[in-house]
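Each remark here refers to the structure printed beneath this line.
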Ligand code: ADP
Ligand code: MG
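Residue numbers (our numbering): 30 to 177.
Written out as structure tokens, the structure reads:
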């Protein structure tokens with residue numbers, strides 16, 4: 030595991046931009062950590078790093094946001110947020126299996142526990158986010174891949 034400390038949203042975004050450089054089609058990235066820990070903020074950095082200019086918001090109600098890409102080696106970035114999901118079935122119903130692990134797609138999944146069954150056989154890059162003990166803007170981010 031690689032551990033990073035960020036002291037502001039901007040630093041977390043910068044870390045996300047680093048991950049963007051490493052991504053290739055088929056990658057699945059899981060983002061764990063409690064509400065407000067910085068998962069979506071990190072996502073913004075990944076999107077920026079991939080040249081996405083549309084605003085990144087958590088797909089809390091839509092479950093899945095699809096971002097087409099024109100300038101990368103893969104054509105779609107999928108952003109999933111399972112926070113309001115009952116079971117992985119709902120995600121399957123809206124087509125996640127068309128994207129998950131597919132060579133032309135990168136999938137990033139907030140709250141992966143709820144869809145653990147879909148990820149069981151898959152190779153996944155894991156990231157976890159936590160507030161530091163000080164109640165400031167510091168976050169501890171653990172990554173299964175080196176980001177710097
Ligand atoms: P999550 O998706 O994990 O629920 P968000 O990224 O939506 O969390 O929200 C994180 C909140 O914490 C944002 O309001 C952000 O501005 C704030 N914040 C403060 N410090 C940091 C930091 N170091 N990294 C990320 N977010 C931070
Ligand atoms: Mg979020």
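Virtual Cβ for every residue (Gly too), placed ideally from N, Cα, C.
Own chain residues within Cβ distance below 6 Å of residue 58, not counting five before or after: In the same chain as residue 58, and ignoring 5 residues on each side of it, the C-beta atoms closer than 6 Å to its own belong to 137, 154, in chain order.
Contact the segment 143–163 vs the segment 59–72: 3+ CB pairs below 8 Å: Judged by pairs of C-beta atoms under 8 Å, the segment 143–163 touches the segment 59–72, as three or more such pairs exist.
The ligand ADP heavy atom lying under 7 Å from the CB of residue 38: Yes, Cβ of residue 38 sits closer than 7 Å to a heavy atom of the ligand ADP.
Cα-Cα separation, residue 32 to residue 172: Just so you know, the alpha carbons of residue 32 and residue 172 end up roughly 6 Å apart.
Helix, strand or coil at residue 135 according to DSSP, with G and I counted as helix: In this structure, residue 135 counts as strand in the three-state DSSP scheme.
Where residue 177 sits in the DSSP three-state scheme: Here DSSP, grouped into helix, strand and coil, assigns residue 177 to coil.
Any non-hydrogen atom of the ligand ADP within 7 Å of residue 113 CB: Within the chosen limit of 7 Å, the ligand ADP does not reach the beta carbon of residue 113 with any heavy atom.
Extent of the continuous alpha helix (DSSP H) run through residue 38: In the DSSP annotation of this structure, the continuous segment of the alpha helix (DSSP H) that includes residue 38 starts and ends at 38–51.
Extent of the continuous alpha helix (DSSP H) to which residue 148 belongs: In this chain, the alpha helix (DSSP H) harbouring residue 148 covers 145–148.
Chain-order list of residues whose beta-carbon lies under 7 Å from that of residue 95 (same chain, five-residue window excluded): So the qualifying residues of the chain are 105, 107.
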